[in-house]
């Protein structure tokens, strides 16, 4: 009766069932997976709701690519926040109701049913769902964990087939914190040009990069390198798209505004924009009041970003101190983002650890298999929770790890 594109919502994994059962019983949960900036006590721009009262929002005169004034304001904001070789142009921006919607439009633009896109693994599971809903196949390429996370272009190249249409990168990456370097970006664009591919760069965490901070990455070659700030603006060649949105960049997921920025060859941008305009015009999903409010929301986001950077840094330091004791696991290096990844000795799988931690300590973390981690036991934590809650959760995590069998400490 139903399309195979849509999974059965009744199927839930063991951890989700355990969480539901615990909540049903009224047992407390200290949630170290919280990634909603509106639920963790961060500063909010006082004019966030007032911006919606602009009288211009009561008039409906839609532009499929987004309100012209909103796109001008966004281009100026990106030029300030994301210094790059080129300046963003308002006419290369397309507004959407979310970054997820922007992905869906790009998949419609680039792919026929059965075509493929390459996405990173480990990675956020959303890609597979978005691709499936468009009849597209998400093929994973690995991020390699050596002394740090790395992009191996050979691993990407061998996965390109005659049906591959695009390569997705997330920079900073969720959840590993890997960040695309300028050298990696140049090599990836060269590969894409040779194989006629579009490179889609998800940059929703770009304001939260920590390259150069010893607390985040102690490796000299990474600490000294500068990450590519905005792939769409890094050069005039190739076919490239950068994605962003208010959810992470302004802490306003409830306002549902995302965007895509076309970059690269002029002809590609012109032809892609004409087709994207047709796609966007079919849906016209972004409400006028949000578009009129966007300039004010962008102006008011600086205090939120400053506070969140401090929180991310402090919470990671708390976690690093807790894990510095022998046999408590390894905090993997990161160059940014909102997550932390812990690697544990392989005496049990990560789902067993997540279930045991919830059962014994009332602490919720994500098992690594949620993100397609392989070759070890991994736990993923959000760095967003309130500092007091995070410190308490980490203390309970440390107590659990002290009791956990170590199996000789081998990862």
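In our numbering, the protein residues as written are 1094 to 1504. From the three backbone atoms N, C-alpha and C, an ideal C-beta is built for every residue, glycine too.
Exercise. Just how far apart, CA to CA, sit residue 1199 and residue 1365?
Worked result: Here residue 1199 is taken as the residue at index 106 of the chain shown, counted from 1. Here residue 1365 is taken as the residue at index 272 of the chain shown, counted from 1. Whole-angstrom Cα-Cα distance: 9 Å.
Exercise. To which residues does DSSP link residue 1472 through a beta bridge?
Worked result: Position 379 of the chain shown, counted from the first residue, corresponds to residue 1472. DSSP, once it has assigned bridges, lists 1435, 1460 as partnering residue 1472.
For this session: Have a look at 1466, 1472, 1286, 1405 and flag the residue whose alpha-carbon is nearest the alpha-carbon of residue 1484.
Result: In the chain shown, counting from the first residue as 1, residue 1484 sits at position 391. Nearest C-alpha to residue 1484: 1405.
Exercise. When you compare each of 1148, 1189, 1178 to residue 1167 by their alpha carbons, which one comes out closest?
Worked result: Taking the first residue of the chain shown as position 1, residue 1167 is located at position 74. Per the Cα distances, 1189.
Problem set entry | Which of helix, strand or coil DSSP assigns to residue 1499 | Position 406 of the chain shown, counted from the first residue, corresponds to residue 1499. The answer is coil: DSSP assigns residue 1499 none of H, G, I, E or B.
Exercise. If you check the beta carbons only, do residue 1476 and residue 1408 fall under 8 Å apart?
Worked result: Position 383 of the chain shown holds residue 1476. Position 315 of the chain shown holds residue 1408. Yes, they are a contact pair.
Problem set entry | Inter-residue spacing [alpha-carbon to alpha-carbon] between residue 1272 and residue 1260 | Here residue 1272 corresponds to residue number 179 of the chain shown, with the count starting at 1. Here residue 1260 corresponds to residue number 167 of the chain shown, with the count starting at 1. In this structure, the straight-line span from the alpha carbon of residue 1272 to that of residue 1260 is close to 15 Å.
Exercise. Residue 1180: buried (16+ other C-beta within 10 angstroms of its C-beta) or exposed?
Worked result: For this step, residue 1180 is matched to residue 87 along the chain shown. Flag for residue 1180 reads exposed.
Exercise. Any idea what DSSP makes of residue 1210, helix, strand or coil?
Worked result: Translated into the one-based positions of the chain shown, residue 1210 becomes position 117. Three-state DSSP puts residue 1210 in a strand.
Problem set entry | Selected residue, minimal CA-CA separation from residue 1442, among 1461, 1302, 1424 | Within the chain shown, numbered from 1, the residue matching residue 1442 stands at position 349. Checking every option, the nearest Cα to that of residue 1442 belongs to 1461.
For this session: Taking residue 1368 as the reference, give the member of 1185, 1136, 1121 with the closest Cα.
Result: The residue you call residue 1368 lines up with position 275 of the chain shown. For the residues 1185, 1136, 1121, the minimum Cα distance to residue 1368 belongs to 1185.
For this session: Could you round the C-beta distance between residue 1487 and residue 1411 to whole angstroms and report it? I think they count as a contact, below 8 Å.
Result: Within the chain shown, numbered from 1, the residue matching residue 1487 stands at position 394. Within the chain shown, numbered from 1, the residue matching residue 1411 stands at position 318. That belief holds up - the Cβ atoms of residue 1487 and residue 1411 are roughly 6 Å apart, short of 8 Å.
Problem set entry | Span separating the alpha-carbon of residue 1396 from that of residue 1136 | Here residue 1396 refers to the residue found at position 303 when the chain shown is read from its first residue. Here residue 1136 refers to the residue found at position 43 when the chain shown is read from its first residue. Cα to Cα, residue 1396 sits roughly 7 Å from residue 1136.
Exercise. So, residue 1216 versus residue 1464, is the Cβ gap smaller than 8 Å?
Worked result: Position 123 of the chain shown, counted from the start, is the residue given in the question as residue 1216. Position 371 of the chain shown, counted from the start, is the residue given in the question as residue 1464. Closer than 8 Å, so yes.
Exercise. Where does residue 1128 land, buried or exposed, given buried means 16+ other C-beta within 10 angstroms?
Worked result: If you number the chain shown from 1, residue 1128 lands on position 35. By the 10 Å Cβ count, residue 1128 comes out buried.
For this session: Thinking residue 1298 and residue 1267 are a contact (beta carbons under 8 Å), I'd like their distance in whole angstroms, please.
Result: Here residue 1298 corresponds to residue number 205 of the chain shown, with the count starting at 1. Here residue 1267 corresponds to residue number 174 of the chain shown, with the count starting at 1. 7 Å between Cβ atoms; contact.
For this session: Quickly, what does DSSP pair residue 1237 with across the bridge? List them, please.
Result: Locating residue 1237 in the chain shown gives position 144, where the first residue counts as 1. DSSP lists 1243 as partners of residue 1237.
Exercise. What did DSSP end up calling residue 1134 once you bin it into helix, strand or coil?
Worked result: Taking the chain shown and counting its residues from 1, the one referred to as residue 1134 is at position 41. Reduced to three states, the DSSP call for residue 1134 is coil.
Exercise. Whole-angstrom Cβ separation of residue 1147 and residue 1386, contact assumed at under 8 Å?
Worked result: Here the question's residue 1147 lines up with position 54 in the chain shown. Here the question's residue 1386 lines up with position 293 in the chain shown. Confirmed, Cβ separation roughly 6 Å.
For this session: Determine which residues share a DSSP beta bridge with residue 1302 and list them.
Result: Taking the first residue of the chain shown as 1, we reach residue 1302 at position 209. Assignment of beta-bridge partners to residue 1302 by DSSP yields 1429.
For this session: Would you grab the beta carbon distance between residue 1254 and residue 1290 for me? Rounded to a whole angstrom, and I think it's under 8 Å.
Result: Locating residue 1254 in the chain shown gives position 161, counting from the first residue. Locating residue 1290 in the chain shown gives position 197, counting from the first residue. The pair is not a contact, with the Cβ atoms about 11 Å apart (cut-off 8 Å).
Exercise. Helix, strand or coil: which one does DSSP assign to residue 1405?
Worked result: Position 312 of the chain shown, counting from 1, holds the residue named residue 1405. Helix at residue 1405.
Exercise. What does a CB cutoff of less than 7 Å around residue 1306 pick up in its chain, not counting 5 residues either side in sequence?
Worked result: Position 213 of the chain shown, counted from the first residue, corresponds to residue 1306. Its pLDDT being 42, under 50, residue 1306 is placed unreliably by the model, and nothing is read from it.
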